[in-house]
Amino acid sequence: MTECPSGQLTQHEFKQFFGLKNLSPASNQYIEQMFNTFDFNKDGYMDFMEYVAALSLVLKGKVEQKLRWYFKLYDVDGNGCIDRGELLNIIKVRQEFKLIGPVNLMHFLNIDMGLKEPKY
Ligand SMILES: [Ca+2]
Ligand SMILES: [Ca+2]
């Protein structure tokens, strides 16, 4: 892990990892929320085990586990409901990432959403 010699990723490094710069406030919040869902012990860092757990969820997780993760990601205020504002935010952010988002982030997000463009 040359990009992360300490073995722990901060939120800032997490954004760098995906090549994210100059994000709108909504996108910034979304990425922070994503980081928080992976920071399982809530110490403000994503350590190697958390990274492995995140990858394993994204790549090999069962549908139900992924849905739970997405719910946590989208329920920004953690009140157990995804309200209208949170939903609008998701749409806005996904549109923004579609336009300016780095390929690796889109890949990361789309892998488990099954949102790849259909091939005809
Ligand atoms: Ca952590
Ligand atoms: Ca909510």
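When we follow the working numbering, the leftmost residue of the sequence shown carries the number 440, and every step to the right adds one.
Note that the Cβ used here is the ideal one computed from N, Cα and C, for glycine as well.
Where residue i falls: helix, strand or coil (DSSP)
| i | result |
| --- | --- |
| F453 | helix |
| L459 | coil |
| E503 | helix |
Under 8 angstroms between C-beta atoms of residue i and residue j
| i | j | result |
| --- | --- | --- |
| A465 | V515 | no |
| W508 | L498 | no |
Spatial distance of residue i from residue j (CA atoms)
| i | j | result |
| --- | --- | --- |
| M440 | T449 | The predicted position of M440 is uncertain, since its pLDDT is 47 and thus under 50; a value taken from the coordinates is nonetheless stated next. Rounded to the nearest angstrom, the two C-alpha atoms are 14 angstroms apart. |
| L494 | M488 | 10 angstroms |
| Q534 | D522 | 19 angstroms |
| H451 | V491 | 19 angstroms |
Check: residue i C-beta below 7 angstroms from any heavy atom of ligand 2
| i | result |
| --- | --- |
| E471 | no |
| I521 | yes |
Where the alpha helix (DSSP H) through residue i begins and ends
| i | result |
| --- | --- |
| V515 | It is not in any alpha helix (DSSP H) - V515 carries neither H nor E in the DSSP assignment. |
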